[in-house]
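A short worksheet on the structure shown next.
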Amino acid sequence: MEFKSKIKTIEWVDNYSKMVDQTVIPYEYKFVNITTGENMFHAIRDMIVRGAPAIGIAGAHGVVLFAQEGRDKFSNTEDFKIWLIDKAEYMKTSRPTAVNLMWACEKQIEIIKNSKSDINGLIEELKQNAIKLENEDIEINKKIGDYGAEVVPKGATILTHCNAGALATVGYGTALGVVRSAFAKDNTIQVFADETRPRQQGARITTFELAMDGIPVTLITDGMCSYFMSKGMIDMVVVGADRIAANGDTANKIGTYTVAIAAKYHNIPFYIAAPLSTIDTSIASGKEIPIEERSHEEVTHINGKRICAEGVNIINPGFDVTPHELISGIITEKGILRPDYNKSISEAFKG
Ligand code: MRU
Numbered sequence: 355m356e357f358k359s360k361i362k363t364i365e366w367v368d369n370y371s372k373m374v375d376q377t378v379i380p381y382e383y384k385f386v387n388i389t390t391g392e393n394m395f396h397a398i399r400d401m402i403v404r405g406a407p408a409i410g411i412a413g414a415h416g417v418v419l420f421a422q423e424g425r426d427k428f429s430n431t432e433d434f435k436i437w438l439i440d441k442a443e444y445m446k447t448s449r450p451t452a453v454n455l456m457w458a459c460e461k462q463i464e465i466i467k468n469s470k471s472d473i474n475g476l477i478e479e480l481k482q483n484a485i486k487l488e489n490e491d492i493e494i495n496k497k498i499g500d501y502g503a504e505v506v507p508k509g510a511t512i513l514t515h516c517n518a519g520a521l522a523t524v525g526y527g528t529a530l531g532v533v534r535s536a537f538a539k540d541n542t543i544q545v546f547a548d549e550t551r552p553r554q555q556g557a558r559i560t561t562f563e564l565a566m567d568g569i570p571v572t573l574i575t576d577g578m579c580s581y582f583m584s585k586g587m588i589d590m591v592v593v594g595a596d597r598i599a600a601n602g603d604t605a606n607k608i609g610t611y612t613v614a615i616a617a618k619y620h621n622i623p624f625y626i627a628a629p630l631s632t633i634d635t636s637i638a639s640g641k642e643i644p645i646e647e648r649s650h651e652e653v654t655h656i657n658g659k660r661i662c663a664e665g666v667n668i669i670n671p672g673f674d675v676t677p678h679e680l681i682s683g684i685i686t687e688k689g690i691l692r693p694d695y696n697k698s699i700s701e702a703f704k705g
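The numbering used here numbers the first residue of the sequence shown as 355 and each following residue consecutively.
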């Protein structure tokens, strides 16, 4: 039985990008239409759309939006191409850590460079490519889900951190794709979701989408995970990824590393679920992954209300890197990669 998820996070419609506004979940579930390249840059930076695969698709859409805006500015295709590549490079800088954004913009840049069409023809090619990436994302996630479901024990309680669900992708999700596929086979499984301070993606988004799909979920605060592990209440951990280095070191939402250490201590399998587009084989280890530093207000305030004294020092990295030694397997659309990751990752790209 295939699990039908109700959510489509981002979609190209006619000549604009339609996306779920993730800043207002769970109070509202509403869609916004992004009609310019600059607005897409801000939608990504301000996390209206978020999650590595979703911002990859948003980046690809953003390049199409810029292309549409450039149509009347240029009569010469080569000048148009130079201008558009510059815009695609700009789109890549909207957020630094999730490599899917660079990957998808790079796919659009390849089309711009190789196209033999005129301006209108090129815009159509970019649009078709964005739609293709969009459709492929859901197919890939279903494969990840099905491979991952094979390692979910019967009746398991699965801990996850942040949101690597339908709302972090076009649909279905990576870590929550594993949950969805496992739930389709065994409806006695359940999820424990870390709240994920400071932006609460676990509390706001993961619980929202699992509740929407009728999958049992218990919300816990970030500091509670080792307590529940010590009580034998967690059977496995599955999280997503923003960038995976060639040796398997994995950047994901801040706090993931803590969960991985706790899982290792308690002998609980810790899995990453991510498409191959999240793997950056150009970097040897996690030391080279750029970590986004976000606004101090995310830490000092909750719902617009200050929660600490004025003048305290703040530091707010958005991601951390889990060393490959702590990772039991990386669940991809090509199967579950196991250590030695240098070897299994390079084989996944060959096959
Ligand atoms: O800052 P966010 O909300 O974009 O961070 C998202 C995460 O860290 C996700 O776990 C990751 O992108 C995987 S999404 C399938």
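Heads up, the beta-carbon is just placed ideally off N, CA and C, and yes, glycines get one too.
From a predicted model like this one, the values you see are computed outputs, not experimental measurements.
Is MET590 buried or exposed, if buried means 16 or more other CB atoms sit within 10 Å of its CB?
By the Cβ neighbour-count rule, MET590 is buried, with 16 or more other Cβ atoms within 10 Å of its own.
Who does TRP366 pair with in a DSSP beta bridge?
Per DSSP, SER371.
Whole-angstrom C-beta distance between THR635 and ASN454, which should lie under 8 angstroms:
By a beta-carbon distance limit of 8 angstroms, ASN454 does not contact THR635. Their separation comes to about 14 angstroms.
Collapsed DSSP secondary structure at ASN667 in the structure displayed
Coil.
Counting Cβ pairs, one atom from each stretch, are 3 or more of them under 8 angstroms apart for the region 440-457 and the region 406-421?
In short, these stretches touch, since the Cβ pair count reaches three.
Enumerate in chain order the residues of its own chain whose CB-to-CB distance from CYS375 is below 6 angstroms, with the five nearest sequence positions on each side excluded.
Before going further, note that residue 375 is Asp rather than Cys in the sequence given. Within the same chain, LYS384, VAL386, ILE402 come within 6 angstroms of ASP375 by CB-CB distance, once the 5 residues on both sides are set aside.
Less than 7 angstroms separating the Cβ of LYS607 from some heavy atom of the ligand MRU?
Remark: the C-beta of LYS607 is in contact range of the ligand MRU, defined as less than 7 angstroms to any heavy atom.
Return the bridge partner residues of GLU493 from the DSSP annotation.
When beta bridges are read from the DSSP output, GLU493 appears opposite no residue.
In terms of residues, what are the limits of the beta strand (DSSP E) holding GLY689?
In the DSSP assignment, GLY689 falls within the unbroken beta strand (DSSP E) covering 689-691.
Select from ALA421, LEU513, ASP694 the residue whose C-alpha is nearest the C-alpha of GLN544.
The shortest Cα separation from GLN544 among ALA421, LEU513, ASP694 belongs to LEU513.
Are the CB atoms of ASN517 and GLY568 within a distance shorter than 8 angstroms?
Result no, Cβ atoms of GLY568 and ASN517 do not sit closer than 8 angstroms.
Is there contact here, the region 620-629 with the region 517-529, by at least three beta-carbon pairs under 8 angstroms?
At 8 angstroms Cβ cutoff, the stretches touch.
With the cut-off set at 8 angstroms, would you say ASP491 and PRO552 are in Cβ contact?
No, Cβ-Cβ distance for ASP491 and PRO552 is not below 8 angstroms.
Measuring straight from C-alpha to C-alpha, what distance separates VAL592 and ALA503?
Those two C-alpha atoms are separated by around 11 angstroms.
Which residues in the same chain have their Cβ closer than 7 angstroms to the Cβ of VAL653, if we skip the five residues on either side of it in sequence?
Hits under 7 angstroms: PRO552, ILE668, ASN670.
Using 7 angstroms as the cut-off, classify the Cβ of GLN554 as near or not near the heavy atoms of the ligand MRU, replying yes or no.
In terms of side-chain proximity, the C-beta atom of GLN554 is found no nearer than 7 angstroms to any non-hydrogen atom of the ligand MRU.
Output yes or no for whether 8 angstroms exceeds the beta carbon distance between THR604 and ILE681.
Cβ atoms of THR604 and ILE681: closer than 8 angstroms.
On the CB-based measure, 16 or more other CB atoms within 10 Å of its CB, does SER710 come out buried or exposed?
With the chain represented from 355 up to 705, any question about residue 710 goes unanswered, as that position is not in the structure.
Residues near LYS362 by beta carbon distance below 6 angstroms, same chain, minus five either side:
Once the five neighbours on either side are set aside, the close Cβ partners of LYS362 are GLY525.
Proximal residues to ARG399 (C-beta, below 8 angstroms), its chain only, five neighbours per side dropped
When the five nearest sequence neighbours on each side are left out, the beta carbons in the same chain lying within less than 8 angstroms of the beta carbon of ARG399 are those of SER448, ARG449, in order along the chain.
I need the straight-line Cα distance from ASP472 to THR431, nearest angstrom please.
Cα-Cα distance, rounded: 6 angstroms.
Compute the distance between the beta-carbons of GLU356 and ALA538, then report whether it is under 8 angstroms.
Cβ atoms of GLU356 and ALA538: closer than 8 angstroms.
For VAL378, the three-state DSSP class (helix, strand or coil)
Look at VAL378 here: in three-state DSSP terms it is coil, with no helix or strand label.
Just list the beta strand (DSSP E) runs in the region 439-497, keeping only unbroken ones of 3 residues or longer that don't cross its boundaries, in chain order.
With a minimum length of 3 residues, no continuous beta strand (DSSP E) run stays inside the region 439-497.
Could you give the DSSP three-state label for ILE598: helix, strand or coil?
In the structure shown, ILE598 sits in a strand (DSSP, three-state: E or B).
Looking at ASP596 and the ligand MRU, is the gap between the Cβ and the nearest heavy atom below 7 angstroms?
At least one heavy atom of the ligand MRU is nearer than 7 angstroms to the Cβ of ASP596, so yes.
If you reduce the DSSP assignment to three classes, tell me which class GLY683 lands in.
In the three-state scheme derived from DSSP, where H, G and I count as helix and E and B as strand, GLY683 is classed as strand.
Using CA coordinates, which residue listed in GLU664, ASP576, TYR619, ASP674 is at the minimum distance from GLU646?
Each of GLU664, ASP576, TYR619, ASP674 was checked against the Cα of GLU646, and the nearest Cα belongs to ASP674.
Give me the Cα-Cα distance between ASP540 and LEU476, rounded to the nearest whole angstrom.
If I take the Cα positions, the gap works out to 47 angstroms.
Kindly examine the ligand MRU and report whether one of its heavy atoms sits closer than 7 angstroms to the Cβ of PRO671.
False, no ligand heavy atom lies under 7 angstroms from that Cβ.
Leaving out five residues before and five after ALA600 in sequence, what residues of the same chain have Cβ atoms less than 7 angstroms from its Cβ?
Same-chain partners within the cutoff: THR635, ILE637, ALA638, ASN696, ILE699.
ALA522 to HIS396 span [Cα, whole Å]
Their Cα atoms are separated by approximately 17 angstroms.
Could you tell me which whole alpha helix (DSSP H) segments of length 4 or greater appear in the region 578-647?
Qualifying alpha helix (DSSP H) stretches, in chain order: 579-584, 610-619.
Tell me which same chain residues have a C-beta within less than 6 angstroms of the C-beta of LEU419, skipping the five on either side of it?
Taking LEU419 as the centre and dropping the five residues before and after it, the same chain places the C-beta of THR390, GLY391, MET394 closer than 6 angstroms to its C-beta, in chain order.
Excluding the five sequence neighbours on either side, which residues of its own chain have a C-beta within less than 8 angstroms of the C-beta of GLU549, listed in chain order?
Closer than 8 angstroms at Cβ, skipping near neighbours: GLY556, ALA557, LEU573, ILE574, THR575, ASP576.
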